[in-house]
Each structure stands twice: as structure tokens, then as C-alpha cells.
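Q: Using the UniProt record's numbering, the first residue of the sequence shown is number 1, and each one after it goes up by one. Heads up, the beta-carbon is just placed ideally off N, CA and C, and yes, glycines get one too. Bear in mind that the values here come from a model prediction, so they are computed numbers and not experimental data. Okay, handing you the structure first.
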Amino acid sequence: MGNPIKIVSYNVNGLRQRVSQFGSLSNLLNTFDADIICFQETKLRRQELSSDLVIADGYESFFSCTRTNDKGRTGYSGKVFDELLK
Numbered sequence: 001m002g003n004p005i006k007i008v009s010y011n012v013n014g015l016r017q018r019v020s021q022f023g024s025l026s027n028l029l030n031t032f033d034a035d036i037i038c039f040q041e042t043k044l045r046r047q048e049l050s051s052d053l054v055i056a057d058g059y060e061s062f063f064s065c066t067r068t069n070d071k072g073r074t075g076y077s078g079k080v081f082d083e084l085l086k
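Encoded structure:
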């Protein structure tokens, strides 16, 4: 059998704050030592996505932003998936 894959799921409750807390997205991702990292509750609208928040060397990123939720808040949830490139 091949090597196991490590997947981490993390409710960040605001990705900007987490990236700021660790100094960069790369630093945050590296703390998990995982192959796939899934962030929920990014609280980013599409126009707020910037490369420093969703792109890190050595990872492929996929993201989804919520336009509105049932309470009318834009960007309230949202997800980012980062996959380690090997």
C-alpha cells in the first residue's frame, strides 16, 4: 500500500486573521504538515481574495466564496482548499 494522505479541516473563523497571526499563508499551512488543508468560514468575498491569502509556494489552491447567506451577509462563510504538490 502507498503512503497515507493526511487531510486537515480547520474552521478559521476569518482567514485574514489566521494568516496575519502566522505571518503568511505558507507559515500557516506548514504548521499542519498535511497533504490537503481545508479552511472553512474564511469570511472572504471574491473581490477580497488576494494572492497572499490563497496562494502559497508548493500548494495548489481552490476556493469558493459565498455571495450571500440566509441572513444577507456576503462573504460570511466560504472555503479554501490547499493541496501540497509533490
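Whose C-beta lies closer than 8 Å to the C-beta of I36 among residues of the same chain, with five residues either side of it excluded?
A: Here the set comprises I5, K6, I7, V8, F81, D82, E83 and L84.
Q: Tell me whether G78 is buried or exposed, calling it buried when 16 or more other Cβ atoms sit within 10 Å of its Cβ.
A: Its Cβ being crowded by 16 or more others within 10 Å, G78 is buried.
Q: Please classify L44: does DSSP put it in a helix, a strand, or coil?
A: Coil at L44, not helix or strand.
Q: Would you identify the three-state DSSP class for D52, choosing helix, strand or coil?
A: Helix.
Q: Quick one, which of M1, N13 and N3 has its alpha-carbon nearest T42's?
A: T42 has its Cα closest to that of N13, out of M1, N13 and N3.
Q: Would you list the one or two residues that DSSP bridges to D82?
A: DSSP lists I37 and S61 as partners of D82.
Q: Count the other CB atoms, across all protein chains shown, that sit within 10 Å of the CB of F62; report buried if there are 16 or more and exposed otherwise.
A: F62 should be labelled exposed.
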